[in-house]
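Going letter by letter, the sequence shown gives residues 61 to 486 in UniProt numbering. From the three backbone atoms N, C-alpha and C, an ideal C-beta is built for every residue, glycine too. Presented below is the structure to which this report refers.
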Amino acid sequence: AYQRVLEINNQHLYPPRTAYFAEPLLLHQGHMEWLFDHEGNRYLDFFSGIVTVGVGHCHPKVNAVAQKQLGRLWHTSPIFFNLPIHEYAEKLSALLPEPLKVIFFTNSGSEANDLAMLMARAHSTNIDIISFRGAYHGGSPYILGLTNVGYFKMELPGAAGCESTMCPDVFRGPWGGSHCRDSPVQTIRKCSCAPDCCQAKDQYIEQFKDTLSTAVAKSIAGFFVEPIQGVSGIVQYPKGFLKEAFKLVRERGGVCISDEVQTGFGRLGSHYWGFQTHDIVPDIVTLAKGIGNGFPMGAVVTTPEIAKSLAKRRFCFSTFGGNPLACAIGSAVLEVIKEENLQENSQEVGTYMLLELAKLRDEFEIVGDVRGKGLMIGIEMVKDKMSRQPLPPEEVSQIHEDCKHMGLLVGKSGIFSQMKKKRQSG
Ligand code: PMP
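Below you can see the structure in the form of structure tokens.
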């Protein structure tokens, strides 16, 4: 059966699933944190379908709610009322701080960010949008200009009016800096020139101001940010950076968008939303992945004032967004997070893992850094700690495969393997 699946994959499917694992698993079943392949082998799932299945595969409560709604009503379109969307909107908005109270539903993270970009432009009446280098905000043509992980852009034309600015990366940025002082794990800094977190922040802020003063960003519409960058390798910023950056953007008429597609719904442990870990309140929040625990779903939450900018144009974004099935599932996910104290669990288990992984970092030269928050954790693989040169991609892939053979599924992220491929192809 596996051979036949491989043939169909290679002939008819894009993207080829073999881009990630040389021999991808043929998955048949999932139960909570476990996945089972076609031969019945069991795997502990640490990557949860790219940071998505937050409450567990086929969670019994979510399944029961989905089955009930499936037998009742799937789809209405936005021209009718349905109870699941109204119940869900009330529950979700209660979890967000004032003035973030108006919700637009979508089907994915890319769509949510597309819509947020449109809102930022409609509201500010400006065009230019800024994001960090290394950011991932989606793959649709509109949002692609803000996705600055090199290999996702390739030679594709990006959206006009999008500007990338230097990412204040505490591990790899030019001014380094230690991790936020509230992290249980501190970066090992063998390089004596690396300043501390606050000094690094000031340097990065100066750089950010430079970007804002360039012609393209003079009339800024918005600034998109992931509270922790996921796709480019669990990248964290110096403490206090985002607070100052938000202020600068707002002073220039732009709105601030927190992309919570990976960091939302309690994953970071200490707080329900990633923006809260930076002590900021954005003007727009975008959600996907964990919102539906794997069911296609996304949302944009904003202020009544910004929402009006689109509403007054009688704009309807999606036929499917907020359909009764998705919203019933979304409600069940919120209940499970609460009933099973999953945010507290992220904090407790995440802190334990960070501390235990830091022991590996202290012991092994190739473990350059251990970082993250709650259950969004990254291990930076390097040739050696002093140079911080990335471990060759083949070696990282081998570790990844070895984990799979030992029954553990982990994700791979970062920018280095793809940069190398690009260089090789000229
Ligand atoms: N934002 C972030 C932070 C993401 O990680 C992703 C997906 N990796 C997206 C947006 C896009 O989401 P989707 O794949 O659902 O379009």
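Per DSSP, the continuous beta strand (DSSP E) segment holding A359 begins and ends at G358 to T362. Here S168 is buried, its C-beta having at least 16 other C-beta atoms within 10 Å. In the three-state reduction of the DSSP assignment, S457 falls in the helix class.
Looking at the DSSP output, Y103 bridges to L95. Taking H183 as the centre and dropping the five residues before and after it, the same chain places the C-beta of V315, I366 and S369 closer than 7 Å to its C-beta, in chain order. Note on geometry: alpha-carbon atoms of H72 and A79 lie some 15 Å from one another. In this structure, P364 lies away from P228, with their beta-carbon atoms at least 8 Å apart. If you draw a straight line from the Cα of K161 to the Cα of L130, it comes to about 28 Å.
Counted as a single uninterrupted DSSP element, the alpha helix (DSSP H) harbouring D270 occupies residues C257 to S273. According to the DSSP secondary-structure assignment, P450 is paired through a beta bridge with V442. Here DSSP, grouped into helix, strand and coil, assigns T323 to coil.
For I189, the three-state secondary structure derived from DSSP is strand. Proximity of the stretch 350 to 360 to the stretch 168 to 182 meets the contact definition, three or more beta-carbon pairs being nearer than 8 Å.
CA-to-CA, the gap between K303 and P342 works out to about 10 Å. Counting C-beta atoms within 10 angstroms of its own C-beta, E440 has 16 or more neighbours from the protein chains shown and is therefore classed as buried. Separation of G293 and G434 (C-alpha to C-alpha, rounded to the nearest whole angstrom) is 15 Å. Shortest Cα-Cα distance from Q89 to any of R64, G313, C118 and K261 involves C118. With three or more CB-CB distances shorter than 8 Å, the stretch 384 to 402 counts as touching the stretch 143 to 153.
Spatial neighbours of A305 in its own chain (CB-CB distance under 6 Å, excluding positions within 5 residues in sequence) are listed in chain order as F268. For G282, the secondary structure class from DSSP, reduced to helix, strand or coil, is strand.
Looking at the DSSP output, G432 bridges to I437. Taking all protein chains shown into account, T362 has 16 or more neighbouring C-beta atoms within 10 Å of its C-beta and is therefore buried. Annotated as distal: L308 and L347, with beta-carbon spacing of 8 Å or more. At a threshold of 7 Å, I110 counts as near the ligand PMP, since its beta carbon sits closer than that to one of the ligand's heavy atoms. Taken through DSSP and simplified to helix, strand or coil, E150 comes out as helix. Shown here, V427 sits in a strand according to DSSP, grouped into three states. In the DSSP assignment, E223 is bridged to I190. In the three-state reduction of the DSSP assignment, Q127 falls in the helix class. Per the coordinates, the alpha-carbon of L104 lies some 47 Å from the alpha-carbon of R374. Distances taken from the Cβ of D319 to the heavy atoms of the ligand PMP include one shorter than 7 Å. Counting every other CB atom within 10 Å of its CB across the protein chains shown gives Y74 a total below 16, marking it as exposed.
Excluding its 5 nearest sequence neighbours in each direction, Q449 has C-beta neighbours in its own chain below 8 Å: V442 and K443, listed in chain order.
Contact annotation, I110 with G471: C-beta distance approximately 7 Å; criterion of less than 8 Å satisfied. If you look at L302, you'll find it isn't in any beta strand (DSSP E); it sits in the alpha helix (DSSP H) that goes F301 to E311.
Boundaries for I351: no alpha helix (DSSP H) harbours it, and the DSSP string shows neither H nor E there.
In the structure shown, C387 falls within a helical segment according to DSSP collapsed to helix, strand and coil.
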